[in-house]
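Residue numbers (my numbering): 156 to 462.
Using N, Cα and C, we set each Cβ at its ideal position, and we do this for glycine too.
Here is the structure we will look at.
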Amino acid sequence: MKIFDAASTAAALPYSELVPALVEVAQQLREGKINAPERMVVEIDPASVLLCMPAVAADIGMTKLITVHANNAQYQLPAIQGEVVVFDAASGRRLALLHGPTVTARRTAAVSLLGIEALLPVKPKSALLIGTGVQAIAHADGLIDYFGVGEFWVSARDLHKTQAFCDALQLRHPQITVKPLAAAALASDVPPVDVMIALTTSRSAVIPVNIAANTLAIGVGAFKPDMVEFPAELLHSRTVVVDCLAGAKHEAGDLLQAKIDWDKVRELPDVLAQGFVQQPLLPVYKTVGQAAWDLAAARVAIASLAG
Numbered sequence: 156m157k158i159f160d161a162a163s164t165a166a167a168l169p170y171s172e173l174v175p176a177l178v179e180v181a182q183q184l185r186e187g188k189i190n191a192p193e194r195m196v197v198e199i200d201p202a203s204v205l206l207c208m209p210a211v212a213a214d215i216g217m218t219k220l221i222t223v224h225a226n227n228a229q230y231q232l233p234a235i236q237g238e239v240v241v242f243d244a245a246s247g248r249r250l251a252l253l254h255g256p257t258v259t260a261r262r263t264a265a266v267s268l269l270g271i272e273a274l275l276p277v278k279p280k281s282a283l284l285i286g287t288g289v290q291a292i293a294h295a296d297g298l299i300d301y302f303g304v305g306e307f308w309v310s311a312r313d314l315h316k317t318q319a320f321c322d323a324l325q326l327r328h329p330q331i332t333v334k335p336l337a338a339a340a341l342a343s344d345v346p347p348v349d350v351m352i353a354l355t356t357s358r359s360a361v362i363p364v365n366i367a368a369n370t371l372a373i374g375v376g377a378f379k380p381d382m383v384e385f386p387a388e389l390l391h392s393r394t395v396v397v398d399c400l401a402g403a404k405h406e407a408g409d410l411l412q413a414k415i416d417w418d419k420v421r422e423l424p425d426v427l428a429q430g431f432v433q434q435p436l437l438p439v440y441k442t443v444g445q446a447a448w449d450l451a452a453a454r455v456a457i458a459s460l461a462g
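Next comes the structure, spelled out in structure tokens:
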């Protein structure tokens, strides 16, 4: 069994291979060829949970085990820790152990990239990121690596952290331009961007209502019923697309609190199979994640071993 640390996991999961792998998995999900039950959530204590996410296909299976300890900063430990165990479906032979948080970060960004590819009629050149955490880093790198996005705005409540994020992004990718933007300014001064991505754990809307008709807004961070990134008014004014409908009905706080009509919500695998008719207002895209996306990442990592 090959053991991947964080760096080797990232190296084994290039976005150029992750996105096509997700397309294949989405098709197999629609065809019933992947068994990926909803994630199991086990409470450890009021501030900590264990998440178990299994998925099985004809070739491989995998289980992602993640612990989330919200108070770990006091121990100088990361809040999210975990691993992905990959095995051969025919024999059960263990093939690889992947770094769980890295798999999550990169496949989540890849799911956003796939949504952009499916829903945005043009190749994005500019993006606004709301948030400065691990997911914001992965999304920025993914947008640059996959689409060649060259112009960024970054917004968060802490302007010092925002500036530090921008400086680090500029250092990694000297060819881009990146500007910090105060969170308060978003209410009245929204830059003209192709893509706006929220990556927060906010309990109130961080995406402005008055985004341009040709801006694709994506909500990634709000993953509990009490979390919100989209304003209800925006959700009711545009078509809503989700990556996983079953998960969204339990976890997408934005959609739950806005009391959207679930019968009108489109699911990404169906959009990929049937297409999306362009409308005057671009849709909004909400992701919650699911184990099948981790299986796609596991396939890419296993394929890297053959090389």
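So, is residue i buried or exposed, given that buried needs 16 or more other C-beta atoms within 10 angstroms?
| i | result |
| --- | --- |
| Y440 | buried |
| V396 | buried |
| R393 | buried |
| Q290 | buried |
| L232 | exposed |
| M195 | exposed |
| I199 | exposed |
| H254 | buried |
| V432 | exposed |
| R327 | exposed |
| D398 | buried |
| G216 | buried |
| V266 | buried |
| Y301 | buried |
| R262 | buried |
| V239 | buried |
| Q434 | exposed |
| R249 | exposed |
| Y170 | buried |
| A453 | buried |
| T370 | buried |
| A228 | exposed |
| T317 | buried |
Looking at residue j and residue i, is the spacing between their C-beta atoms short of 7 Å?
| i | j | result |
| --- | --- | --- |
| D409 | K219 | no |
| K278 | W308 | no |
| G286 | A311 | yes |
| R185 | P438 | no |
| G374 | E388 | no |
| A456 | A167 | yes |
| V211 | N190 | yes |
| V426 | A251 | no |
| L109 | K157 | Past the boundaries of the shown model lies residue 109; the chain is included only from 156 to 462, so the question cannot be answered. |
| A293 | A260 | yes |
| M176 | T257 | For the sequence presented, residue 176 should be read as Ala rather than Met. Contact: no. |
| A458 | V180 | no |
| E193 | A401 | yes |
| D349 | K280 | yes |
| V463 | E406 | Shown here, the chain extends from 156 to 462; a query on residue 463 therefore has no answer. |
| A282 | L298 | yes |
| V360 | P386 | This sequence places Ala at residue 360; Val is not what is there. Cβ atoms of A360 and P386: closer than 7 Å. |
| M351 | A337 | no |
| A295 | L324 | yes |
| A466 | V223 | Lying before the first or after the last residue shown, residue 466 is absent from the chain, which here runs from 156 to 462. |
| I331 | G305 | yes |
Specify, as a first and last residue, the run of the alpha helix (DSSP H) that residue i falls within.
| i | result |
| --- | --- |
| P256 | G255 to L274 |
| T164 | A161 to A166 |
| D418 | Run containing D418: none; DSSP gives neither H nor E here. |
| D409 | G408 to A413 |
| D449 | A446 to A461 |
| Y230 | Premise fails: Y230 is in no alpha helix (DSSP H) and is neither H nor E. |
| V178 | Y170 to R185 |
Counting only beta-carbon separations shorter than 7 Å, does residue i have a partner in chain D?
| i | result |
| --- | --- |
| A293 | Protein chain content of the structure displayed is limited to a single chain, and chain D is not contained in it. |
I'd like to confirm the pairing. Which residues does DSSP put opposite residue i in its beta bridges?
| i | result |
| --- | --- |
| Y440 | I373 and V396 |
| K157 | A251 |
| L354 | L354 pairs with nothing; no bridge assigned. |
| H224 | S203 |
| P209 | T218 |
| N190 | V211 |
| E198 | V204 |
I need the boundaries of the beta strand (DSSP E) containing residue i, first residue and last residue.
| i | result |
| --- | --- |
| E238 | I235 to D243 |
In chain order, each alpha helix (DSSP H) run of at least 4 residues that lies wholly inside the segment 267 to 339: Assignment of alpha helix (DSSP H) within the segment 267 to 339, counting only whole runs of 4 or more residues, yields 289 to 297 and 314 to 327 in chain order.
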